[in-house]
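Here's the structure we're looking at; comments come further down.
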Amino acid sequence: MKLFKNPLNIFLMVCIIALTQPAFAAEQSPAPTTDPLTSTDRLAAAIETLTNQLATQGEYAKKDEELRKLDIAISYLNFRHRRIERLETELDREISERDQLEDLARQWSERQEQLISSIEEAGSTDKKELEKEKSNYDIRKKALEQRIFRLSEEIIVKQNRIADLNEQLDTVERYVRQNLTL
């Protein structure tokens, strides 16, 4: 029974039984001289004690609830912090990749300029091969520029996501600091 699991309920039952026991005994045997004021005083004291214990238990329950909230908030902080670190690692990798691709694009542009000058100086047979090579460079350079553009967009999205997560992290951190008493 749920009634007997709570120590306050058990205490209340014991007090009631203890206070009513003399009344049953009085019906069965001749009444000893007991002052009705004493049993009333005992009942009042028991009720006072019970009230104090209920108030204390309520305070503990409130503190336990607040501690659970703080524990959840701290777990959330740890989770978000790890998520931000992972996103920052991905961001660094993407920035590095974009920088490498931009260097490669510059090298291809230089090679393309060399091809253009070679085409102008070359004869008719070499000219066709060089123009074919130049068109291949044009195609690859456009694909490379598109890849750089997509990477730049992904970088911006990740930077915004990291900023949002940092704001959420700051909000939860403020909550923890306000409610955590050291």
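Numbering (this note's numbering), first residue to last: 146 to 327. The C-beta atom is built at its ideal place from N, Cα and C for all residues, glycine as well.
Measure the beta-carbon distance from residue i to residue j and round it to whole angstroms, keeping in mind my assumption that it falls under 8 angstroms.
i    : j    : result
K303 : L246 : So it is not a contact: roughly 17 angstroms between Cβ atoms.
L314 : H226 : 7 angstroms
L260 : E278 : 6 angstroms
K286 : Q257 : 7 angstroms
L232 : I307 : 5 angstroms
L222 : V321 : 7 angstroms
E255 : I264 : Incorrect: roughly 15 angstroms between the Cβ atoms, too far for contact.
DSSP state of residue i, grouped into three classes?
i    : result
G203 : helix
A170 : Summary for A170: the model assigns pLDDT 49, below 50, so the residue's position carries little reliability, and this model does not support an answer.
L325 : coil
Considering only the alpha carbon of each residue, which of the options lies closest to residue i?
i    : options                   : result
A184 : T201, I162 and L314       : The residue asked about is misnamed: residue 184 is Ser in this sequence, not Ala. Measuring from the Cα of S184, the nearest candidate turns out to be I162.
I293 : D244, D283 and K208       : D244
S241 : Y320, L314 and E299       : E299
R238 : V317, S220, G203 and L296 : L296
E318 : D248, I217 and L195       : I217
W253 : G268, I284, R228 and E274 : I284
D331 : T194, I192, F224 and I229 : Lying before the first or after the last residue shown, residue 331 is absent from the chain, which here runs from 146 to 327.
E291 : A250, Y205, L215 and S220 : What sits at residue 291 in the sequence shown is Gln, not Glu. Closest by alpha carbon: A250.
L199 : I155, E274, E255 and Y221 : I155
- Message: Report the start-end ranges of each alpha helix (DSSP H) in the segment 230-257 that is 4 residues or longer and not cut off at the edges.
- Response: none
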